[in-house]
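Q: Numbering (my numbering), first residue to last: 21 to 236.
For glycine and all other residues, C-beta sits at the position ideal for the given N, C-alpha and C.
Okay, here's the structure, questions in a sec.
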């Protein structure tokens, strides 16, 4: 895919918003725009989740779930990049759910609802998903608000499985980003805190996405 001049919308959380980087110009969305000549729209909001929150969070802006925010993307977008799931694992109260769910109050159901909405509302856009990156404490079974959760790998695998049903391409950052903060040297080189990429990590995410989209 030729990216120069394309309108690319990014629906995401704090990593898309740029937390962990030096700010404007260093976020992976900015790096992507600079290297490709694409016209990017950053719809990243820190703390947000794909699934609908059952109870209000300590920080209400976290509850702006992806399913609702999908209505706010550029109607003329050529590409829509969805990057989320780590907060559903980290501090969401929606159950993981089952693959067949259609209720956006479970993670599985919200994925299905989100992909259905995107493909219906933006039928001419190329929709792609990026899986969560590795993070510290990715194998816990009790999340940050004290609720039981599945390991993050399960959220990654469900995104890949659900996207395959909808024929949505997936950039599996879990497997190919080269960012694994459990390795101390890698933590220092590519992350700000074991979760959010630093400037070098953000550039790596951008480079992986550029190569992925160029191959479509």
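Do you know offhand how far residue 27's Cα is from residue 105's?
A: Looking at the two C-alpha atoms, the distance is approximately 24 Å.
Q: To which residues of the same chain is residue 151 closer than 6 Å at the C-beta, ignoring the five residues directly before and after it?
A: If we look at residue 151 and ignore the five residues flanking it on each side, its Cβ neighbours are 176, 179, 192, 193 and 194.
Q: When DSSP labels each residue in this structure, what does residue 206 get in the three-state scheme?
A: Residue 206 falls in the helix class under three-state DSSP.
Q: For residue 24, tell me which candidate among 211, 58, 71 and 30 has the shortest Cα-Cα distance.
A: For the residues 211, 58, 71 and 30, the minimum Cα distance to residue 24 belongs to 58.
Q: Can you tell me whether residue 61 is helix, strand or coil according to DSSP?
A: Three-state result, residue 61: strand.
Q: Could you check if residue 202 is buried or exposed, using at least 16 other CB atoms within 10 Å of its CB as the buried criterion?
A: Exposed, because fewer than 16 other Cβ atoms sit within 10 Å of the Cβ of residue 202.
Q: Counting only the same chain and skipping the five closest in sequence on each side, list residues whose C-beta sits under 7 Å from that of residue 65.
A: 33, 37, 81 and 84.
Q: Give a yes or no on whether the C-beta atoms belonging to residue 69 and residue 121 are separated by under 8 Å.
A: Against a cut-off of 8 Å, the Cβ pair of residue 121 and residue 69 comes out as no contact.
Q: On a CA-only basis, which of 94, 49 and 77 is nearest residue 241? Give me that one, please.
A: The requested residue 241 does not occur in the structure, where the chain is confined to residues 21 to 236.
Q: Compute the Euclidean distance between the alpha carbons of residue 39 and residue 156, then round it to the nearest angstrom.
A: When rounded, the distance between both Cα atoms is 16 Å.
Q: Within the continuous beta strand (DSSP E) that includes residue 149, where are the two ends?
A: Where residue 149 is concerned, the enclosing beta strand (DSSP E) stretches over 146-150.
Q: List, from N- to C-terminal side, the beta strand (DSSP E) runs of 3 residues or more that fit wholly inside the segment 78-118.
A: Whole beta strand (DSSP E) segments, 3+ residues: 99-103.
Q: Just to confirm before moving on: does the CB-CB distance between residue 131 and residue 31 stay below 8 Å?
A: Taking 8 Å as the Cβ cut-off, residue 131 and residue 31 do not qualify as a contacting pair.
Q: Looking at the secondary structure, which residues open and close the alpha helix (DSSP H) in which residue 33 lies?
A: Here residue 33 belongs to no alpha helix (DSSP H), and DSSP marks it neither H nor E.
Q: Based on Cα-Cα distance, which residue from 188, 41, 211 and 164 lies nearest to residue 143?
A: Per the Cα distances, 188.
Q: May I have the straight-line CA-CA distance separating residue 45 from residue 51, to the nearest angstrom?
A: Looking at the two C-alpha atoms, the distance is approximately 7 Å.
Q: Going by DSSP, what residues sit across from residue 27 in a beta bridge?
A: BP columns for residue 27 point to 59.
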